[in-house]
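Protein chains in written order, with this note's numbering: chain A, 85 to 327; chain B, 0 to 229.
Take a look at the structure set out below.
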Amino acid sequence: MGKKAKMIINGKRLDGRSLEDFRPITVEVGVLKSAEGSAVFKFGDTYALAAVYGPRTMHPRHLQDPQRAILRCRYSMAPFSTNERVRPGVNRRSVEISKVLNEALSNVVFFEDYPKTGIDVFVEILQADASTRCAGLNAAALALVEAGVPIKDLISSCSVGKVDGEIVLDIGGDEDEFGEVDMATATIGNEDKFVLLQVDGIITKEDFFKLLDLARKGCAEIYERQKNAFKEKYKAGEIDVES
Amino acid sequence: MNELKSEIFVKDRQLVIPGETLAKGLDFLPSSGCYRVNNELKSKLLGLVKLKDRFIGIIPLAGVYIPKTGDGVIGLVEDMQTTIWIVDINSPYDAILPLSEAVGEYVDLNKTDISIYYDINDLIYAKVLNVSKSKQVQLTMNDHRARKLIGGRVLTITPSKVPRLIGKQGSMIELIKNKTKCQIIVGQNGVVWIKGEREGLAAKAILTIESESHITGLTDKITAMLEKGE
């Protein structure tokens, strides 16, 4: 698809949503059997699957830390995730995203609870339609909780940006390619603490603060959705266990 | 004076997720699975609230097994050195069983190969003697229940669901044992050993308990399942 003359008409975007709307969000936890924790997070057509293994014995051994656990994050896109085939394996982009996801998640994990171990987080993008790192981070946070890894709070992530001179929430589809600014953000829970902030594009200071304000609102909404995913899964009844 | 009012926001056995505020003020103390930040008690795990006097704790729904002194565990002998066995106990940390804790008699190491006691790939039920700060785990066979497990089959369940499998005063596990006439040993580490004629039925019941541990009326369901047979 080529560039549209206008991407926002009468306050409606290409897919018909208004400026501060998300694409339909789907959250699912506990989708993989063999992983200790797993989750799926979808922003419209962006489909991220995360799996957490561990805490488990850290291999190679020389990377073990006697005081704390080590978090390893791997982000990758499936070859069929976009129209053009993605070459499988590590590339510059996936190394960068793995690193920022790792740094974002490292802010909340209680590493000192599991000395000498490694926690592996795998984020796989099965279908990409912009904001993949945000969807991946949301899924990874859910998978960590499902795996029973102690964390301070969930991490909620969303993208904001500027398209046709308007500040918009949740960049999707052509807006990513032809928009002016694309900013990926993540917060700890719904607090005012950012753990991910990457901006692509040229932006004024005023606009930047407007984007941040919108990102806060967006992340708070995502946080609610993440919480509800757990409440829904375990609503069947409260476990009657003996401690 | 700076008088802070304490307040509790959760009730016993309520499902909480990490980051959820459990209580405010200094009158409540964090037990396992909680942390305190600026006067607020928050959960760090997905689990159920456990209230006991002033203590607030979380019973996790998932998670790996972390050895504790006194736990009875089932392990697989992985490796053998001159005077120790290395045992995999379904945990991030491997355990060590020293010869002195395994054998009561004098062993002349020049003449005996210690594999006559426990060999690689043997399954043992042992007790955790000690866990050091650097997570070195020591086992002991110095317990009346500790022994080598011969034959039978092994299942692994989520360690946090072991109490549910055992039930109140062992009611659930006794039910399965009586109905299937199997020997069953449950390790605190989530490894279950079953031996007997109707192993398959017992295994099925145990896996059902694991996957449906959060529903109420599970005992009736298991009873019906065991009555019906295969």
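The beta-carbon is built from N, C-alpha and C at its ideal position, and this holds for glycine as well.
Quiz item: Which two residues bound the contiguous beta strand (DSSP E) that contains S240/A?
Solution: Segment 239-247, the beta strand (DSSP E) holding S240/A.
Exercise. Pull up the distance between the alpha-carbon of A224/A and that of G74/B, whole angstroms please.
Key: Those two C-alpha atoms are separated by around 31 Å.
Quiz item: My guess is that E19/B and K41/B are in contact by the Cβ rule of under 8 Å, so how many angstroms apart are they, rounded?
Solution: 7 Å between Cβ atoms; contact.
Quiz prompt | A304/A and Q282/A closer than 8 Å at C-beta | solution = No.
Practice problem: Could you tell me whether any Cβ in chain B is nearer than 8 Å to the Cβ of P144/A? | Solution: No, its Cβ sits nowhere closer than 8 Å to a Cβ of chain B.
Exercise. Return the bridge partner residues of F206/A from the DSSP annotation.
Key: Beta-bridge partners of F206/A (DSSP): A135/A, R158/A.
Practice problem: Can you check DSSP and say which residues form a bridge with S102/A? | Solution: Answer is K96/A.
Quiz prompt | Proximity below 8 Å, CB of V86/B to CB of V48/B | solution = If you check the CB distance, V86/B and V48/B do not come in under 8 Å.
Exercise. Please classify S122/A: does DSSP put it in a helix, a strand, or coil?
Key: DSSP places S122/A in strand when its eight states are reduced to three.
Quiz item: If you check the beta carbons only, do V233/A and V265/A fall under 8 Å apart?
Solution: The answer is no: Cβ separation not under 8 Å.
Exercise. Compare the C-beta of R156/A with all C-beta atoms of chain B and state if any pair is closer than 8 Å.
Key: No, R156/A lies away from the interface with chain B (no Cβ there is under 8 Å from its Cβ).
Practice problem: Pick helix, strand or coil for F27/B, following the three-state DSSP scheme. | Solution: For F27/B, the three-state secondary structure derived from DSSP is coil.
Exercise. Taking only beta-carbon positions, decide if A81/A is within less than 8 Å of chain B.
Key: With chain A running from 85 to 327 in the structure shown, residue 81/A is simply not present.
Quiz item: What residues of chain B sit near I235/A, judged by a beta carbon separation below 7 Å?
Solution: Correct list: P17, K43.
Practice problem: For S133/B, go through chain A and note every residue whose CB falls closer than 8 Å to its CB, in chain order. | Solution: Result: P150, P199, K200.
Practice problem: Taking the CB atoms as reference points, tell me whether G121/A and A61/B lie closer together than 8 Å. | Solution: Going by C-beta atoms, G121/A is nearer than 8 Å to A61/B.
Exercise. Output the residue ranges of the alpha helix (DSSP H) runs that lie fully inside the region 168-239 of chain A and measure 4 residues or longer, sorted by chain position.
Key: If we require 4 residues or more, the alpha helix (DSSP H) runs fully inside the region 168-239 of chain A come out as 176-190, 216-230.
Practice problem: With 8 Å as the limit, tell me which residues of the region 110-135 of chain A have their beta carbon closer than that to any beta carbon of chain B; keep them in chain order. | Solution: Along the region 110-135 of chain A, going in chain order, the ones with a CB nearer than 8 Å to a CB of chain B are E120, G121.
Quiz item: Over what stretch of residues does the beta strand (DSSP E) that includes R35/B continue unbroken?
Solution: Going by DSSP, R35/B is part of the beta strand (DSSP E) stretching over 33-36.
Quiz item: Expressed to the nearest angstrom, what Euclidean distance is found between the alpha-carbon atoms of N120/B and I58/B?
Solution: Our two residues, N120/B and I58/B, have alpha carbons roughly 33 Å apart in a direct line.
Quiz item: Along the chain, which unbroken stretches of the alpha helix (DSSP H) at least 4 residues long are found entirely within the region 190-218 of chain B?
Solution: Within the region 190-218 of chain B, the complete alpha helix (DSSP H) segments of 4 residues or longer fall at 198-210, listed in chain order.
Quiz prompt | Run of the beta strand (DSSP E) containing R53/B, from where it starts to where it stops | solution = Looking at the DSSP string, R53/B is not in any beta strand (DSSP E), and its letter there is neither H nor E.
Quiz item: Using a Cβ cut-off of 9 Å, which residues of the region 48-63 of chain B contact any Cβ in chain A, in chain order?
Solution: Hits within the stretch, in order: K49, K51, G56, I58, P59, L60, A61, G62, V63.
Self-check item: Contact list for the region 72-104 of chain B against chain A, Cβ threshold 8 Å
Solution: In summary, the residues of the region 72-104 of chain B whose CB is separated from some CB of chain A by less than 8 Å are P91, Y92, D93, in the order they occur in the chain.
Quiz item: Closest Cβ-Cβ distance between K315/A and chain B: below 8 Å?
Solution: At least one CB atom of chain B sits nearer than 8 Å to the CB of K315/A.
Self-check item: CB of S182/A within 8 Å of CB of R152/A, strictly
Solution: With contacts defined as CB atoms closer than 8 Å, S182/A and R152/A fail to qualify as a contacting pair.
Quiz item: Quick one: which chain B residues come within Cβ less than 8 Å of L238/A?
Solution: Taking a Cβ-Cβ threshold of 8 Å, the residues of chain B close to L238/A are I16, P17, G18, in chain order.
Quiz item: Of the choices E39/B, Q168/B, Q187/B, whose alpha-carbon is the least far from that of P158/B?
Solution: Comparing alpha carbon positions, the residue from E39/B, Q168/B, Q187/B closest to P158/B is Q187/B.
Self-check item: Buried or exposed (CB count within 10 angstroms, at least 16 for buried), A223/B
Solution: Per the 10 Å Cβ criterion, exposed.
Quiz prompt | CB contact check: F195/A to chain B, cutoff 8 Å | solution = Judged by the 8 Å Cβ criterion, F195/A is not in contact with chain B.
Practice problem: Quick one: using the 10 Å Cβ neighbour count with 16 as the cut-off for buried, is N175/A buried or exposed? | Solution: The residue is exposed, with fewer than 16 neighbouring Cβ atoms inside 10 Å.
Practice problem: Just the chain B side, please: which residues come within less than 7 Å of R140/A by C-beta, in chain order? | Solution: The contacting residues are P91.
Quiz item: Comparing the C-beta of K96/A with each C-beta of chain B, is any distance below 8 Å?
Solution: So no, K96/A is outside the interface.
Quiz prompt | Straight-line gap, A125/B to L108/B (C-alpha atoms, nearest Å) | solution = Taking the straight line from one Cα to the other gives about 23 Å.
Quiz item: Considering only residues of the same chain and omitting the five flanking positions on each side of F8/B, which have a CB-CB separation below 7 Å?
Solution: Here the set comprises T20, L21, A22.
Quiz item: When you check each C-beta in the region 259-273 of chain A against every C-beta of chain B, which residues fall closer than 9 Å?
Solution: Residues of the region 259-273 of chain A with a C-beta less than 9 Å from any C-beta of chain B: I272, G273, listed in chain order.
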